[in-house]
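Working notes, beginning with the structure itself.
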Ligand code: FAD
């Protein structure tokens, strides 16, 4: 069966690695000419590390990551501890897999190394998709075409394939996120104990955690403002963060100016995507469920999608592909919509119009994640997919 994946991001590469392990070939068409994915860190939760370990990537991930011992929620102004969740060995015992923090670029490299050479075709931007009952054709901006029995849209939050399948409905969330990395040599007062720290204020929050090589990754979510001229450079963004977090805990104000790179993303709020498949085309990762980042589950859900789709495709052929894609979409929709809804609930709590006193809001993220972590972190998408795929492909 011919499988064409659009996008060599986290979902696309995980899918290709899982297909290769199952003896299936595919190609990935990627718009970027070379792979220098944005810096900054990423938190991989047990629901994703469990699956990546099953792909044989456990040792590489361990070598490239930090293993925070706990996640602390702190008061915005004086950094007083409001709530602490044990991670490290305790979380690993509880969920059967570790929670890791690492650079996004390290994760990308590990996934690239896990796919057979020649799988990724760089420098090709997909502009059109044409589907009929026999095959799907993907056309690139340079006119080149790729034909497949199945096309997978793993092309991220601004997915062209999703837009081509049906018109988009999304709006600004009113919030933006700044992300940056502080090099090891410039980390001031580095702590001996690795932990995730989240300072929560009434309408903004700031998170940091260690990644490989003693570096520190941070992200700040805050109401978006019209971009000034300084917003295009790291220096300008550092200055903007300095103004946005005046009066906050001095530790974070000392840390931000040391960053050697800061990125800025406007956060869009999307409705759940109504259809993930049209027969031969299917969506995975951010393309299928663009979600707000409050639960840091975007990459984890991309990994879950990829592993589940690989399981369904493992047994399929060109004739039964449509059924396999529908089975995958059914297996994933409810779970991702629930996490999508949680992100929206968190967003509501951080807007100026939020209900409740501002001083009650800091605990909200902690409360929500504590209440939800069992089913989010404890889920084994691989075992679930194997059960469902067996049922789907059972003869008779
Ligand atoms: P992506 O990884 O975005 O990959 C999409 C790929 O498709 C890209 O390589 C792109 O170049 C390619 N592409 C797009 N359009 C086309 C086209 N038309 N033709 C060909 N190729 C195309 N999530 C977490 O779970 N935890 C975190 O801590 C976290 N931190 C983050 C930090 C940063 C800096 C960023 C940017 C995101 C973070 N996220 C985090 C979100 C997470 O990275 C995404 O949810 C995840 O990358 C989704 O994977 P994906 O494969 O769906 O999309």
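Numbering (my numbering), first residue to last: 34 to 429. C-beta: ideal position from N, C-alpha, C; glycine also.
Asked: Check whether the Cβ of residue 212 lies closer than 8 angstroms to any heavy atom of the ligand FAD, and answer yes or no.; Found: yes
Asked: Pairing CB atoms from the segment 146-155 with CB atoms from the segment 265-280, are three or more of them under 8 angstroms?; Found: no
Asked: By how many angstroms is the C-alpha of residue 406 removed from the C-alpha of residue 294?; Found: 31 angstroms
Asked: Measuring CB to CB, does residue 107 end up less than 9 angstroms from residue 94?; Found: no
Asked: Across which residues does DSSP place residue 296 in a beta bridge pair?; Found: 212
Asked: Less than 9 angstroms separating the beta-carbons of residue 337 and residue 414?; Found: yes
Asked: May I have a chain-ordered list of the beta strand (DSSP E) segments no shorter than 3 residues that lie completely inside the segment 81-114?; Found: 103-108
Asked: How many Å lie between residue 318 and residue 280 at the Cα?; Found: 38 angstroms
Asked: For residue 301 versus residue 190, is the C-beta distance shorter than 9 angstroms?; Found: yes
Asked: Give the straight-line distance between the Cα atoms of residue 80 and residue 35, rounded to the nearest whole angstrom.; Found: 29 angstroms
Asked: Per DSSP, what are the beta-bridge partners of residue 301 in this structure?; Found: 205
Asked: So, with DSSP's three-state summary, where would you put residue 278?; Found: coil
Asked: Taking residue 240 as the reference, give the member of 255, 88, 247, 246 with the closest Cα.; Found: 255
Asked: Let me know if residue 123 comes out buried or exposed under the rule of 16 or more other beta-carbons within 10 Å of its beta-carbon.; Found: exposed
Asked: Could you check if residue 330 belongs to the surroundings of the ligand FAD, using beta carbon to heavy atom distance under 8 angstroms?; Found: yes
Asked: Note the first and the last residue of the continuous beta strand (DSSP E) segment covering residue 170.; Found: 169-173
Asked: Cα separation between residue 51 and residue 353?; Found: 19 angstroms
Asked: Taking 9 angstroms as the cut-off, decide whether the C-beta atoms of residue 132 and residue 410 are in contact.; Found: yes
Asked: Is the number of C-beta pairs between the segment 310-324 and the segment 224-237 that are closer than 8 angstroms three or more?; Found: no
Asked: Evaluate residue 47 with the Cβ neighbour count: other Cβ atoms within 10 Å of its Cβ, from every protein chain shown; 16 or more gives buried, anything less gives exposed.; Found: buried
Asked: Who pairs with residue 243 in a beta bridge, going by DSSP?; Found: 249
Asked: Using the C-alpha atoms, what's the distance from residue 216 back to residue 225?; Found: 16 angstroms
Asked: For residue 119, count the other beta carbons within 10 Å of its own beta carbon; 16 or more makes it buried, fewer makes it exposed. Which is it?; Found: exposed
Asked: In whole angstroms, what is the alpha-carbon distance linking residue 42 and residue 331?; Found: 12 angstroms
Asked: Cα separation between residue 125 and residue 227?; Found: 15 angstroms
Asked: Short of 8 angstroms in beta carbon distance, which residues of its chain neighbour residue 360, apart from the five on each side in sequence? Order them along the chain.; Found: 345, 421, 422, 425
Asked: Taking the alpha-carbon positions, what's the residue 252 to residue 377 distance?; Found: 18 angstroms
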